[in-house]
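Take a look at the structure set out below.
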Amino acid sequence: MSTEATGEVTVTIDGKAVKARAGTFLLEVARGAGIDIPTLCHHPALEPYGGCRLCVVDVTEKGWDGWCKMVIACQFPVKDGLIVFTQSERVLETRKVVLDLLLARCPETPLIQNLAARYGITETSYQRNPDPTDCILCALCTRVCDHLGVSAIATVNRGIGREVAPPFGQAPPDCIGCLACAEICPTDFIPYSTSNSSRTIWGKTFQMLRCPACGRAHITVEQARHFAGKGGVSESYFTLCDACKRAHMAATFQRLQQVPGVSALGGR
Amino acid sequence: MRIESLAAFEGYVEDARAKFATRQSEVLVCCGTGCLANGAAAVAEAFAAALEGTPAQVKTFTKRTGCHGFCERGPLVVLRPSGVLYTKVKPRDVAEIVEKTVHGGTAIPRLLYKDPASGQRIQHYQEVPFYKHQTRVAMRRIGLIDPTDIDDALAHGAYRGLAKALTMTPEEVLAEVATSGLRGRGGAGFPTARKWRSCRNAKGERKFILCNGDEGDPGAFKDRSIMEGDPHSVLEGMIIGGWAVGAHEGIIYVRDEYPLAVVNLTLAIAQARDRGLLGTNILGSGFDFDIRISRGGGAFVCGESSALMRSLEGKVGEPRAKYVHATDRGLYDLPTVLNNVETWADVGAILEHGGAWFAAMGTEKSKGTKAFSLVGKVKNTGLIELPMGMTLRQIIYDIGGGVMGDRPFKAVQTGGPSGGCVPEALLDLPVDYEKLTEAGSMMGSGGMIVMDDRTCMVDVARYFLKFLTEESCGKCVPCREGLHQMLLIFDDLVAGRGRPGDIERIERLSRGMQLGSLCELGKSAPNPVLSTLRYFRDEYVAHVERRECPAGICRDLTTYEISPETCDGCHACFKACPVEAITGKVKELHVIHQDKCISCGACYDACPTHAVRFLPKHEMAARGVA
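Protein chains in written order, with the working numbering: chain A, 19 to 286; chain B, 812 to 1437.
Right under this line is the structure:
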């Protein structure tokens, strides 16, 4: 980043002056200032992707003589003096085309229907997908899987044939059954089933670990093994479920407070 | 043998020259991919065999060179020093050439190029119109040298630019490139010196020099010919680039579909290392630079810079936003210069002859020369290089010899799938970056596809859309879904299912794709559509409103019939028809049977008396003819 990377800068978004740290992505700055920019592929915990193109905005600077550059807010780093228009005519025009296209692809998906309706589109002007899908190809699932260090699924094929799939369409050997992909999916497209004894996703079935305290099946065997390896802790760390762990810890604190001379809050 | 110093370099080049000077004459057989496909390898073998054991053998050498450019007439053979050019040479011609021309010194008229305009046979290649109007810089040694022999390249001036650059400071090299006005030959035309300057100024110890050899546009093959025919020009440019920006690693990203380019580049790198022109302490200058080859996996989008770098990193070749330039954070997030094959090939010549020499050629903002692949319905298909600013008319008619079969010219497509179609009215347009962009097309990869009146512009746009639909990576919505929907609209147009509002839908979608797409593939994808719409709107209207194809190309909209008044029963259409839909005896009227006809137009193209005519299918239907 530039030399001013650590400094505070001021940007103007739709006429409103907003302070931010230089180099922060514009989307984050705008949202921090309460300015809504629509997105479908962004998630604060993941690297920006730039696939949905809904967060397009116009930016300009003082010396540009009114010339505007269209950028995507999720990936554009702010700098001092940046002037941003989130609702310019061509920004709205572009978003409408994108939503119109997505509505053709996913005509029955409420998320897309609602967002398109906000831009005045209730019926696509293009050819409706004869085989409607709920997958909007935001790639949140594959990216969260990468982010967890698993990379069990990926986007495959090019162009309109692109889809999310495990390798060769078979039960993914690397999948740990953590359900992160299914949970992050904004359209609940990824099916799975889970019970106290087993969980199935992507055609692979996992054995569940039960919490010895409450008996709830909270994690798969592979998941515990993977995160134990990643986090450098023993697999038994994951024996108790999160809720029971918290209860256990609270009990420990309470017990310690009974001991004379010891403060659970760390004081002497 | 390693060349230890700049002084030793001069001596080495002199020795190489002397070695080749002992050859009294050479038979240069074009072994570019085009001529090889036409049987050049057998011709070269025949020459080697015919000359073996003869007294002439000592003095006459058969040389397998890169592409001579005049692919239409291949296999090509040029004799040096006489300059006699023989076209369409077959192995059976070789004995005669050796006897009459090599030994006897007389030309064989039958094998000489016949100028269609004058009907004259032309003896020397420099006088053939196809070559006469060209000026070769990037292609300066192609066809003259054996690309597998570095000494041949050195004897013909290779690495002289590098030797000179190493006596200069990197700043001086940058200044020379800036003076030349060189701009990116990959299509976008970004000033090369400015790109190098940014990378030089970028912080970081490790920097990269990359060569984009992922040429993938339909009809373009200039980069392939350069890599095949003079790989050293590419290596030399990259080493100079490394010296200028302070990089020590170079990578050539080349399509795996270019096997000969890969072979010749690999060999060139090995030979350059052996001579001390690559590796550590190049020519004793203390500068280290090495180059390796990375082969592409067949994705068109990997020619896009950010996707190319992702691919080099071993990841899926998909583009990403470029708000931070590659010169600051490119390959592995390190400062990187990526230039096209042709750009790199120009650099050595610029350093050798000076930036001012290069800048003296071309137009105000587009300097130097530019290579083009001239293809389509043009008489002289081939690879050419000419000064910027030549008009399309000069290129197509003077060099290209005009439209095949002397049919009317309709349009020329430049710049591949990112470019557009330029109509006849703009034939006097001087070719440079700005003028082509103003005309709604672009320089692009230097492909020029000439189209005659038997071309439907809606069909042309659909062809490029289909190509791009298959090559879109699918990461972003406007490109993935937009191209798919656009193609569906065009499928309807050519099938007679156009609906009112289609043209407006196309325009709106095009604008959304231009504004919203992630990378240049998607942003420029509407160009073939918009440029044909701009110049040939009436053809679109005919397809949508009247369900007619004015060019008679779209099969679902066109029928053919034979005019009884004009048919002289020559039987040519009968022979041309692939589905036996035509009946008729010689010297009798021929008839097309509509139930069998597939409207391919082969009869129309074959008929010498223009008795075959086409008409809209609905007109034929209205007549009640089944």
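Glycine included, each C-beta is placed from N, C-alpha and C at the ideal position.
No experiment lies behind these values; they were computed from the predicted model shown.
Q. First and last residue of the alpha helix (DSSP H) that includes D1157(B)?
A. Translated into positions along the second sequence, residue 1157(B) becomes position 346. Counting along the chain, the alpha helix (DSSP H) containing D1157(B) begins and ends at 1152-1164.
Q: Compare the beta carbon distance of V824(B) and T876(B) with 8 Å and say whether it is the shorter of the two.
A: Within the second sequence, numbered from 1, the residue matching residue 824(B) stands at position 13. Within the second sequence, numbered from 1, the residue matching residue 876(B) stands at position 65. Not closer than 8 Å, so no.
**Q.** Residues of its chain near S20(A), where Cβ-Cβ distance is below 6 Å and the 5 sequence neighbours each way are ignored
**A.** Numbered from its first residue, the first sequence carries residue 20(A) at position 2. Its pLDDT being 43, under 50, S20(A) is placed unreliably by the model, and nothing is read from it.
Q | Backbone CA spacing between E1350(B) and T151(A) [nearest angstrom] | A | Walking along the second sequence from the start, residue 1350(B) turns up at place 539. Walking along the first sequence from the start, residue 151(A) turns up at place 133. Distance between the alpha carbons of E1350(B) and T151(A): 36 Å.
Q.
Out of G1179(B), G843(B), P1339(B), which one is the CA nearest neighbour of A1160(B)?
A. Position 349 of the second sequence holds residue 1160(B). Of the listed residues, the one whose Cα sits closest to A1160(B) is G1179(B).
(Q) If the criterion is Cβ atoms closer than 8 Å, does the pair A1013(B) and D1139(B) meet it? (A) Looking up residue 1013(B) in the second sequence gives position 202. Looking up residue 1139(B) in the second sequence gives position 328. Yes, the Cβ-Cβ distance between A1013(B) and D1139(B) is below 8 Å.
Q: Please determine if the segment 28-45 of chain A and the segment 84-96 of chain A are in contact, where contact requires at least 3 C-beta pairs separated by less than 8 Å.
A: yes
(Q) Checking 8 Å against the spacing of the C-beta atoms, do I1260(B) and V1186(B) come in under that value? (A) Counting from 1 along the second sequence, the entry for residue 1260(B) is found at position 449. Counting from 1 along the second sequence, the entry for residue 1186(B) is found at position 375. Yes, these two residues count as a Cβ contact at 8 Å.
Q) Does the Cβ of E1356(B) have 16 or more other Cβ atoms within 10 Å, making it buried, or fewer, making it exposed? A) For the purposes of this step, residue 1356(B) is taken as residue 545 along the second sequence, with counting starting at 1. Exposed.
(Q) I want to verify the contact list: residues of chain A whose CB lies under 7 Å from the CB of L1299(B), in sequence order. (A) Start at 1 with the first residue of the second sequence, and residue 1299(B) comes out as number 488. Neighbours of L1299(B) on chain A, chain order: Q145.
Q: Could you tell me whether the Cβ of C1113(B) comes closer than 8 Å to any Cβ of chain A?
A: By 1-based counting over the second sequence, the position of residue 1113(B) is 302. Closer than 8 Å: no.
Q: Flag this pair as touching only if the segment 1189-1197 of chain B and the segment 1084-1095 of chain B have three or more C-beta atom pairs under 8 Å; answer yes or no.
A: no
Q: Give a single yes or no on whether E910(B) has its beta carbon closer than 7 Å to a heavy atom of the ligand FMN.
A: The ligand FMN is not among the ligands present in this structure, which contains no ligands whatsoever.
Q: Determine the extent of the alpha helix (DSSP H) in which E253(A) is found, giving its start and end residues.
A: Position 235 of the first sequence holds residue 253(A). Per DSSP, E253(A) belongs to no alpha helix (DSSP H) and is neither H nor E.
Q | N849(B), DSSP secondary structure in three states | A | Counting from one through the second sequence, the residue named residue 849(B) turns up at place 38. Residue state, collapsed to three classes: coil.
Q. By Cβ distance below 7 Å, which residues in the same chain neighbour D1028(B) in space, the five residues on each side in sequence not counted?
A. Working through the second sequence from its first residue, we reach residue 1028(B) at position 217. Closer than 7 Å at the Cβ level, and outside the excluded window around D1028(B), lie G1227, P1228, G1255, S1256, G1258.
Q: Inspect the beta-carbon positions of S836(B) and L923(B) and report whether they are closer than 8 Å.
A: Within the second sequence, numbered from 1, the residue matching residue 836(B) stands at position 25. Within the second sequence, numbered from 1, the residue matching residue 923(B) stands at position 112. Not a contact, by the Cβ cut-off of 8 Å.
Q: Note down, in chain order, all residues in the segment 175-198 of chain A with a beta-carbon under 8 Å from any beta-carbon belonging to chain B.
A: N175, R176, G177, I178, G179, R180
**Q.** Members of the segment 74-103 of chain A near chain B, C-beta cut-off 9 Å
**A.** V74, M88, V89, I90, C92, Q93, F94, P95
Q: Starting from the C-beta of Y1143(B), find all residues in its chain whose C-beta is less than 7 Å away, skip the five residues before and the five after it, and write them out in chain order.
A: Against the second sequence, residue 1143(B) aligns to sequence position 332. Contacts found: E1124.
**Q.** Assigned secondary structure, S1105(B) (DSSP; H/G/I helix, E/B strand, else coil)
**A.** Numbered from 1 along the second sequence, position 294 holds the residue referred to as residue 1105(B). Strand at S1105(B).
Q: Name, please, each residue of chain A whose Cβ falls closer than 8 Å to the Cβ of K1396(B).
A: The residue you call residue 1396(B) lines up with position 585 of the second sequence. Per Cβ cutoff of 8 Å: no residues; K1396(B) is ~49 Å from chain A at best.
Q: In angstroms with no decimal places, state the Cα-to-Cα distance between K263(A) and S252(A).
A: Locating residue 263(A) in the first sequence gives position 245, counting from the first residue. Locating residue 252(A) in the first sequence gives position 234, counting from the first residue. Computed Cα separation, rounded: 15 Å.
Q. Who are the neighbours of T112(A) on chain B, taking C-beta pairs under 7 Å?
A. On the first sequence, residue 112(A) is found 94 positions in, with the first residue counted as 1. The answer, in chain order, is G1323, L1326, G1327.
Q) Can you list, in chain order, the residues of the segment 1066-1084 of chain B whose Cβ is nearer than 8 Å to any Cβ on chain A? A) none
**Q.** Environment of V277(A) [buried if 16+ CB atoms lie within 10 Å]
**A.** For the purposes of this step, residue 277(A) is identified with residue 259 of the first sequence, where counting begins at 1. Label assigned to V277(A): exposed.
Q.
Can you look up M19(A) in the DSSP assignment and give me helix, strand or coil?
A. Taking the first sequence and counting its residues from 1, one reaches residue 19(A) at position 1. A caution first: M19(A) carries a pLDDT of 40, below 50, which makes its placement in the model too unreliable to give a value.
Q. Can you give the Cα-Cα distance for V1352(B) and R1308(B), rounded to whole angstroms?
A. Looking up residue 1352(B) in the second sequence gives position 541. Looking up residue 1308(B) in the second sequence gives position 497. Approximately 13 Å between the Cα atoms of the pair.
(Q) Assuming P1289(B) and V116(A) are in contact, meaning their beta carbons sit under 8 Å apart, how far apart are those beta carbons, in whole angstroms? (A) Start at 1 with the first residue of the second sequence, and residue 1289(B) comes out as number 478. Start at 1 with the first residue of the first sequence, and residue 116(A) comes out as number 98. So it is a contact: roughly 6 Å between Cβ atoms.
Q: Tell me whether the beta-carbon of P66(A) lies closer than 8 Å to the beta-carbon of L133(A).
A: In the first sequence, the residue the question calls residue 66(A) occupies position 48. In the first sequence, the residue the question calls residue 133(A) occupies position 115. For P66(A) and L133(A), no; Cβs fall outside 8 Å.
Q. Residues of chain B with a CB under 8 Å from the CB of A122(A): which are they?
A. Stepping through the first sequence from its first residue, residue 122(A) is reached at position 104. Chain B residues near A122(A): E1292, Q1296.
Q: Residues of the segment 884-909 of chain B with a CB closer than 7 Å to any CB of chain A: list them in chain order, please.
A: none
Q) Residues of chain B with a CB under 9 Å from the CB of C70(A): which are they? A) Position 52 of the first sequence holds residue 70(A). Residues of chain B passing the Cβ test: C1287, V1288.
**Q.** Unbroken stretches of the beta strand (DSSP E), 3 residues or longer, contained in the segment 901-942 of chain B
**A.** none
Q) If you measure beta-carbon to beta-carbon, which residues of the segment 1132-1150 of chain B are closer than 8 Å to chain A? A) A1132, Y1134, V1135
Q: Using alpha carbons as the reference points, say which of P1002(B), G1128(B), G1107(B), F1032(B) lies closest to T1154(B).
A: Residue numbering aside, residue 1154(B) sits at position 343 when the second sequence is read from its first letter. Ranking the options by Cα distance to T1154(B), first place goes to P1002(B).
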